[in-house]
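2 protein chains.
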Amino acid sequence: MITVCLLGAGNIATHIYKAIKVADSLEVVQWYNRTLSSLAPYKNEVATTDKIKDLVEADLYILAVSDDAISEVSKSLPFNNRLVAHTSGSVSIHDLNQKNQRAVFYPLQSFSKNLDVDFSKVPICIEVLEKANIKIFKAIGTALGCKTYKINTEQRQTLHLSAVFVNNFTNQLYRIAHEISDAKSINFDILKPLIQETARKVEVLSPYMAQTGPAKRNDKKTIKRHLKQLENEEHKAIYEMLTASIQKTHGVTNKR
Amino acid sequence: MITVCLLGAGNIATHIYKAIKVADSLEVVQWYNRTLSSLAPYKNEVATTDKIKDLVEADLYILAVSDDAISEVSKSLPFNNRLVAHTSGSVSIHDLNQKNQRAVFYPLQSFSKNLDVDFSKVPICIEVLEKANIKIFKAIGTALGCKTYKINTEQRQTLHLSAVFVNNFTNQLYRIAHEISDAKSINFDILKPLIQETARKVEVLSPYMAQTGPAKRNDKKTIKRHLKQLENEEHKAIYEMLTASIQKTHGVTNKR
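Protein sequences, first through last, are from chains A and B.
Heads up, the first sequence is in this note's numbering, so the first residue is 1 and it goes up one at a time.
Heads up, the second sequence is in this note's numbering, so the first residue is 1 and it goes up one at a time.
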């Protein structure tokens with residue numbers, strides 16, 4: 001049994017807690033948060049505390065707190081030389097106080113409060129300072145049914161950046177499509193199968209191979225009509241920039 | 001039984017053929033293409049022809065040909081007053097020759113040559129000039145297990161434009177993430193669960209509600225670091241533009 005102390009009560013902490021709860025050889029032995037009320041729904045199934053000095057012994061302390069709090073919380077831990085990991089995609093491993101063995105346990109997924117996640121499909125990116133510590137994270141990955149990836153700081157920060165493109169920016173494109181279609185009284189549901197298929201395609205094809213459409217075909221007539229249709233200058237600028245990006249990727253020479 | 005003559009041998013034609021083939025009350029009675037060799041794989045299961053004057057009678061003629069060919073092919077049809085539909089998201093219904101009853105049968109999905117599509121999940125957008133013709137398209141939708149939507153020309157062209165955002169542009173964001181992560185020897189597979197989850201989320205939340213990340217939080221430190229990480233000026237410009245777009249959508253006042 002690998003024992004874990006969980007710190008924090010946000011989305012990531014809650015999803016980690018739920019995943020560990022149903023895993024065979026893992027146990028959350030204590031859950032800390034500075035305000036106890038956030039942990040109230042779980043108080044009958046796990047030991048909870050709001051006193052950092054009361055933290056019990058565990059194989060691993062997961063600091064699933066906000067980026068800005070990592071340094072301070074790690075400093076306030078009342079013990080030395082134990083294994084402590086934060087869960088952030090962007091904070092340096094060196095922000096963790098050096099009195100403990102430092103690591104990063106970064107689940108690369110978008111967690112929402114009320115949306116359950118199949119944790120076994122979440123890739124866990126692991127960074128350690130002492131090589132020997134990788135073993136326990138591999139074991140945790142196996143217990144959770146997750147793939148784990150050993151990465152370095154630069155890779156983690158690059159993944160965090162890449163995630164902004166495939167998650168936040170992609171979602172904003174969905175939002176723009178929602179605005180455009182709403183303006184003409186079109187049900188956004190009509191676009192959902194295409195959204196799913198676009199995501200599904202890159203499971204089997206590279207994004208390069210999956211590309212289609214007027215930009216790649218250099219279909220100037222359609223591009224011109226689309227730009228004319230767009231009433232919002234900002235949407236127009238995004239259309240032009242991403243069209244140019246596709247054309248650059250696919251070697252379309254386009255002298256307009 | 002509703003009988004269909006299919007014209008064209010591209011991706012859309014092929015996917016429509018396969019969908020009709022397995023549908024109970026629909027039949028492709030003839031498949032036309034100007035070069036017969038493209039239809040060779042199907043010649044033992046359906047009547048094929050490359051002579052437009054040999055077209056047989058059918059309840060519906062589906063012109064799944066390229067946008068530029070629609071007008072000419074519809075003009076060359078050797079009959080009058082039958083129901084003829086093109087499958088384009090952008091071509092006017094009036095590009096079809098007026099000697100026949102004109103319609104549009106626009107399946108809003110991204111079709112690739114070697115990727116099977118669950119046609120029952122493809123929304124079919126229908127445009128007709130004679131209202132009575134909507135009935136046969138509803139019946140075809142039912143037979144295919146598809147949702148059908150009656151739309152007008154402006155709505156169809158808006159859907160086509162929206163599709164560029166959620167499909168081509170989204171795919172280009174995947175491509176950029178692929179480039180960024182490749183440059184640091186990161187396996188693109190690590191990002192795939194996040195891509196799937198981002199698409200899955202808008203099945204249950206609006207894109208507005210689903211948004212997260214540094215732009216929405218106005219996390220200036222992270223945004224600044226991301227911009228510094230980006231080595232490609234074009235990627236930087238896209239990052240800035242989509243960050244500004246998210247912040248405008250979510251009312252983030254950001255004086256830099």
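Glycine included, C-beta positions come from ideal geometry on N, C-alpha and C.
Legend entry - Where the alpha helix (DSSP H) through F137 (chain B) begins and ends: For this step, residue 137 (chain B) is matched to residue 137 along the second sequence. Looking at the DSSP string, the run of the alpha helix (DSSP H) that includes F137 (chain B) is I134 to L144.
Legend entry - As assigned by DSSP and simplified to three states, the class of R156 (chain B): Counting from 1 along the second sequence, the entry for residue 156 (chain B) is found at position 156. It is helical.
Legend entry - Counterpart residues of H15 (chain B) in DSSP-defined beta bridges: Against the second sequence, residue 15 (chain B) aligns to sequence position 15. BP columns for H15 (chain B) are empty, so no partner.
Inset, instruction - Give, in chain order, every residue of the region 11–28 of chain B whose Cβ lies closer than 7 Å to some Cβ of chain A. - result: Taking 7 Å as the Cβ-Cβ cut-off against chain A, none of the residues of the region 11–28 of chain B qualify.
Inset, instruction - From the DSSP output, read off the bridge partner residues of K150 (chain B). - result: Position 150 of the second sequence holds residue 150 (chain B). For K150 (chain B), which the question treats as bridged, DSSP gives the partners B:I126.
Inset, instruction - Report yes or no: do the region 86–102 of chain B and the region 155–163 of chain B share at least 3 C-beta pairs separated by less than 8 Å? - result: yes
Inset, instruction - With a 10 Å radius around its C-beta and 16 neighbouring C-beta atoms as the bar for buried, classify G251 (chain B) as buried or exposed. - result: Locating residue 251 (chain B) in the second sequence gives position 251, where the first residue counts as 1. With fewer than 16 Cβ atoms within 10 Å of its Cβ, G251 (chain B) is classed as exposed.
Legend entry - Assumed close pair I190 (chain B), L108 (chain A) - CB separation to whole angstroms, cut-off 8 Å: For this step, residue 190 (chain B) is matched to residue 190 along the second sequence. For this step, residue 108 (chain A) is matched to residue 108 along the first sequence. That pair is a contact at about 6 Å.
Inset, instruction - Verify the CB distance criterion: does V122 (chain B) have a CB-CB separation below 8 Å to chain A? - result: As a working mapping, residue 122 (chain B) is identified with position 122 in the second sequence. Yes, because at least one Cβ of chain A sits closer than 8 Å to the Cβ of V122 (chain B).
Inset, instruction - Can you say whether H94 (chain B) is buried or exposed, counting buried as having 16 or more other CB atoms within 10 angstroms of its CB? - result: Along the second sequence, one-based indexing puts residue 94 (chain B) at 94. Flag for H94 (chain B) reads exposed.
Inset, instruction - Decide if the region 123–142 of chain B is in contact with the region 145–152 of chain A; the criterion is three or more beta carbon pairs, one per stretch, under 8 Å apart. - result: no
Inset, instruction - Return the first residue and the last residue of the beta strand (DSSP E) that T3 (chain B) is part of. - result: Taking the second sequence and counting its residues from 1, one reaches residue 3 (chain B) at position 3. It spans I2 to L7 - the beta strand (DSSP E) in which T3 (chain B) sits, taken as one unbroken run.
Legend entry - Alpha-carbon spacing of T142 (chain B) relative to K220 (chain B), whole angstroms: For this step, residue 142 (chain B) is matched to residue 142 along the second sequence. For this step, residue 220 (chain B) is matched to residue 220 along the second sequence. Cα to Cα, the separation comes out at about 51 Å.
Legend entry - Cβ-Cβ separation, L6 (chain B) to I62 (chain B) (assumed contact under 8 Å), whole Å: For the purposes of this step, residue 62 (chain B) is taken as the residue at position 62 of the second sequence. For the purposes of this step, residue 6 (chain B) is taken as the residue at position 6 of the second sequence. Contact between I62 (chain B) and L6 (chain B) holds: CB atoms are separated by about 5 Å, below the 8 Å threshold.
Inset, instruction - Name the residue from B:A177, B:H86 and B:E45 whose alpha carbon lies nearest to the alpha carbon of E72 (chain B). - result: Here residue 72 (chain B) refers to the residue found at position 72 of the second sequence. It is B:H86.
Legend entry - DSSP state of A64 (chain A) mapped onto helix, strand, coil: The residue given as residue 64 (chain A) occupies position 64 in the first sequence. Collapsing the DSSP output to three states places A64 (chain A) in coil.
Legend entry - Other residues of its chain near S112 (chain A): CB distance less than 8 Å, five sequence neighbours each side excluded: Residue numbering aside, residue 112 (chain A) sits at position 112 when the first sequence is read from its first letter. N11, listed in sequence order.
Legend entry - Any chain A beta carbon closer than 8 Å to G8 (chain B): Here residue 8 (chain B) corresponds to residue number 8 of the second sequence, with the count starting at 1. Not closer than 8 Å to any Cβ of chain A, the Cβ of G8 (chain B) fails to qualify, so no.
Legend entry - Q98 (chain B) at chain A interface by Cβ criterion, 8 Å: Position 98 of the second sequence, counting from 1, holds the residue named residue 98 (chain B). No, its Cβ sits nowhere closer than 8 Å to a Cβ of chain A.
Legend entry - Candidates A:K248, A:T222, A:T170 and A:A139: closest to T198 (chain A) by CA position: Working through the first sequence from its first residue, we reach residue 198 (chain A) at position 198. Nearest of A:K248, A:T222, A:T170 and A:A139 to T198 (chain A), Cα basis: A:T170.
Legend entry - First through last residue of the beta strand (DSSP E) which encompasses E27 (chain A): Here the question's residue 27 (chain A) lines up with position 27 in the first sequence. That run of the beta strand (DSSP E) goes L26 to Y32.
Inset, instruction - Measure the CB-CB distance between F165 (chain B) and L194 (chain A) and report whether it falls below 8 Å. - result: The count along the second sequence starts at 1 and reaches residue 165 (chain B) at position 165. The count along the first sequence starts at 1 and reaches residue 194 (chain A) at position 194. No; because the gap between Cβ atoms is not below 8 Å, this pair is not in contact.
Inset, instruction - Tell me whether L129 (chain A) is buried or exposed, calling it buried when 16 or more other Cβ atoms sit within 10 Å of its Cβ. - result: By 1-based counting over the first sequence, the position of residue 129 (chain A) is 129. With fewer than 16 Cβ atoms within 10 Å of its Cβ, L129 (chain A) is classed as exposed.
Legend entry - Same chain, Cβ closer than 8 Å to R256 (chain A), five either side skipped, listed in chain order: By one-based count along the first sequence, residue 256 (chain A) stands at place 256. Because the pLDDT of R256 (chain A) is 48, which lies under 50, any placement of that residue in the model is unreliable, and the question is left without a value.
Inset, instruction - Return the CA-CA distance between I186 (chain A) and Q155 (chain B), expressed in angstroms with no decimal places. - result: Stepping through the first sequence from its first residue, residue 186 (chain A) is reached at position 186. Stepping through the second sequence from its first residue, residue 155 (chain B) is reached at position 155. Going from the Cα of I186 (chain A) to the Cα of Q155 (chain B) covers about 7 Å.
Legend entry - Chain-ordered neighbours of V252 (chain B) on chain A, where CB pairs are closer than 8 Å: For the purposes of this step, residue 252 (chain B) is taken as the residue at position 252 of the second sequence. The premise fails here: V252 (chain B) is roughly 13 Å from chain A at the closest Cβ pair, so nothing lies under 8 Å.
Legend entry - DSSP beta-bridge partners of T48 (chain A): By 1-based counting over the first sequence, the position of residue 48 (chain A) is 48. For T48 (chain A), the beta-bridge partners assigned by DSSP are A:W31.
Inset, instruction - Between the Cα of V46 (chain A) and those of A:D24, A:D59, A:P123 and A:K18, spot the shortest distance and give me the residue it belongs to. - result: By 1-based counting over the first sequence, the position of residue 46 (chain A) is 46. Minimum Cα distance to V46 (chain A) is reached at A:K18.
Inset, instruction - Please state whether DSSP places R82 (chain A) in a helix, a strand or coil. - result: Walking along the first sequence from the start, residue 82 (chain A) turns up at place 82. In the structure shown, R82 (chain A) sits in coil (DSSP, three-state: anything other than H, G, I, E or B).
Inset, instruction - Let me know the secondary structure DSSP gives V252 (chain B) once reduced to three states. - result: Looking up residue 252 (chain B) in the second sequence gives position 252. DSSP places V252 (chain B) in the coil class of the three-state scheme, outside both helix and strand.
Inset, instruction - Give a yes or no on whether the minimum CB-CB distance between S245 (chain B) and chain A is below 8 Å. - result: Here residue 245 (chain B) refers to the residue found at position 245 of the second sequence. Closer than 8 Å: yes.
Inset, instruction - Determine the extent of the alpha helix (DSSP H) in which Q101 (chain A) is found, giving its start and end residues. - result: In the first sequence, residue 101 (chain A) corresponds to position 101, counting from 1. Not the alpha helix (DSSP H): Q101 (chain A) falls in the beta strand (DSSP E), residues Q101 to P107.
Inset, instruction - Grab the span of the alpha helix (DSSP H) containing E203 (chain B) for me, first residue to last. - result: Residue mapping note: residue 203 (chain B) aligns to position 203 of the second sequence, counting from 1. First-last of the alpha helix (DSSP H) with E203 (chain B): K192 to V204.
Inset, instruction - Please determine, among A:K224, A:H235, A:Q101 and A:N44, the residue with the shortest C-alpha to C-alpha distance to H178 (chain A). - result: Here residue 178 (chain A) corresponds to residue number 178 of the first sequence, with the count starting at 1. Checking every option, the nearest Cα to that of H178 (chain A) belongs to A:H235.
Legend entry - the region 202–215 of chain A: positions lying closer than 8 Å to chain B by Cβ: V202, E203, V204, L205, S206, P207, Y208, A210, Q211, T212, G213, P214 and A215
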